Structure formats: structure tokens, C-alpha cells
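S.K.:
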Amino acid sequence: KAGVTQTPRYLIKTRGQQVTLSCSPISGHRSVSWYQQTPGQGLQFLFEYFSETQRNKGNFPGRFSGRQFSNSRSEMNVSTLELGDSALYLCASSVSGTEFGSTEAFFGQGTRLTVV
Amino acid sequence: ELKVEQNPLFLSMQEGKNYTIYCNYSTTSDRLYWYRQDPGKSLESLFVLLSNGAVKQEGRLMASLDTKARLSTLHITAAVHDLSATYFCAVTSGGGADGLTFGKGTHLIIQP
Numbered sequence: 225k226a227g228v229t230q231t232p233r234y235l236i237k238t239r240g241q242q243v244t245l246s247c248s249p250i251s252g253h254r255s256v257s258w259y260q261q262t263p264g265q266g267l268q269f270l271f272e273y274f275s276e277t278q279r280n281k282g283n284f285p286g287r288f289s290g291r292q293f294s295n296s297r298s299e300m301n302v303s304t305l306e307l308g309d310s311a312l313y314l315c316a317s318s319v320s321g322t323e324f325g326s327t328e329a330f331f332g333q334g335t336r337l338t339v340v
Numbered sequence: 132e133l134k135v136e137q138n139p140l141f142l143s144m145q146e147g148k149n150y151t152i153y154c155n156y157s158t159t160s161d162r163l164y165w166y167r168q169d170p171g172k173s174l175e176s177l178f179v180l181l182s183n184g185a186v187k188q189e190g191r192l193m194a195s196l197d198t199k200a201r202l203s204t205l206h207i208t209a210a211v212h213d214l215s216a217t218y219f220c221a222v223t224s225g226g227g228a229d230g231l232t233f234g235k236g237t238h239l240i241i242q243p
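Just so you know, the protein sequences line up as chains A and B, in that order.
Just so we're aligned, residue 225 is where the first sequence starts under my numbering, counting upward by one.
Just so we're aligned, residue 132 is where the second sequence starts under my numbering, counting upward by one.
(1) DSSP has A/Arg291 in a bridge; who is on the other side?
(2) Can you pull the chain A residues whose beta carbon is under 7 Å from the beta carbon of B/Arg162, in chain order?
(3) According to DSSP, B/Leu96 sits in a beta bridge with which residue or residues?
(4) Looking at A/Gln261: is its Cβ nearer than 8 Å to the Cβ of A/Leu314?
(5) Are the stretch 329 to 336 of chain A and the stretch 182 to 197 of chain B touching, with three or more C-beta to C-beta distances below 8 Å?
(6) Note down the Cα distance separating B/Gln242 from B/Ala194, rounded to an integer number of angstroms.
(7) With distance defined between alpha-carbon atoms, name the residue in A/Gln230, A/Arg233, A/Lys237, A/Gly227 nearest to A/Val340.
(8) Please list, in chain order, the chain A residues whose beta carbon lies closer than 9 Å to that of B/Gly236.
(9) For a contact meaning CB atoms closer than 9 Å, what does A/Leu314 contact in chain B?
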């Protein structure tokens, strides 16, 4: 079966711009979580969506937001980009969320965002 | 706050040797995950450990979980070059908060 698909794979943006990243989960999975990976901070949880509702949110500023559509596809948006937002953004797909009983979470290939 | 510590963070070893990566976590968790990441790639799920004493093996990798000690180990047997990667452990805090909390990762280089 198809895996988790993230688009685009690479992005270069300028400070102050905004960006939208997309994640299509595995068919039948209703939970999508987003993570930021940087060399300094490692993998950090951004937020999780289930059935179009944000259930959990990590410790990130309000510039980071997301949404989920009825087909479970999710988008995350970062406004007013800063240099420190340069990172690999990963989304994870699971049936019901790792915090709510799902034993596995499958990750997409990620979107590499570079802010210049 | 749930914290996850891995050690070592960097490991260089020769093919054929055995080694163990350790993952300690700070509070009760009901499941522990091991992932592998190759450079520039995503996270590949290796193991999910669900209960105290759980042991899972796949090829040259074996993972175990001791919930009382809040410790998981990933043991590599007779390492081969193809196992070179970064290995992450992650835990859930349960109760609907915070997603997966990851360790910093162990960067493993296996030299021929």
C-alpha cells in the first residue's frame, strides 16, 4: 500500500515569507502528526490532528499552524519565516494516534525547508 | 516533562562486532519505538515494544524493554556496513499529550 506522502520535498524561502507543507497519510489512517528535525534540537513534536481536529500541540510559537481535511490530508503552515525555521519537517501517519492506542506511526520522506 | 536519553550519541565500530545502544526515559511510558534514519531520508520503523520484558528481533538487531528501569536496549550482533545509520528511540507519555518524544539519536558508523 502507498506510504505517507509529503510535498514538496525541498523548499527555499526568504525570511518573512510564509510556507505551506502538505502530508497525505496512509489510506485509512486518521491521525497525522508533524515533527521538526534540526541538528541542534533533534526531533520535536509540533502538533497532531485527528478527524480534522488538533488534539495535541508541542511547544512552538503561534507562527506554526496546521489543519486537516476530511480526507485526512494535513497541511502545516509557517508564517513570518525565520532563519531558525530551516529544518526537515516530517509527518507521521497512524490509525488513531500514538497517544491514543496506535502502536505504529509511519513517517513520510519529509520536506527540507531552507530559509535564507 | 518526559525526557529520553540515548547513549552513546556516536559510535564507530568494525564489522563483525557486537554492540548495544541504550535508551533511558524519565517517566512512565506504555510503549517504546525504535527508528532508523539514513542520511537525508525519513524515519524507518524498526520495533515497537509494548510491555515490560518485551523482546523483538529482526536480523542482526534485537530490542528489549524494561519498564521498571525505564530502559530499552538495541543490540547489534555481528555488525555489517549496511547497518550504518542513525538510530532513534522514542516514547509516548500516554494520555493524549505531546506525541512521540525522541532521543537525540545514535549515529552509528560500521567500518568494513
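Beta carbons are placed, not taken as given, at the ideal position from N, Cα and C, and that holds for glycine.
Model, not experiment: these values are computed from the prediction.
M.R.: With the structure as the only source:
(1) A/Glu299
(2) Thr327
(3) With chain B covering 132 to 243 only, the question about residue 96 of chain B has no answer from this structure.
(4) Cβ atoms of A/Gln261 and A/Leu314: closer than 8 Å.
(5) no
(6) Here the alpha carbon of B/Gln242 sits roughly 22 Å from the alpha carbon of B/Ala194.
(7) A/Lys237
(8) Gly266, Leu267
(9) What A/Leu314 touches in chain B: Ser173, Leu174.
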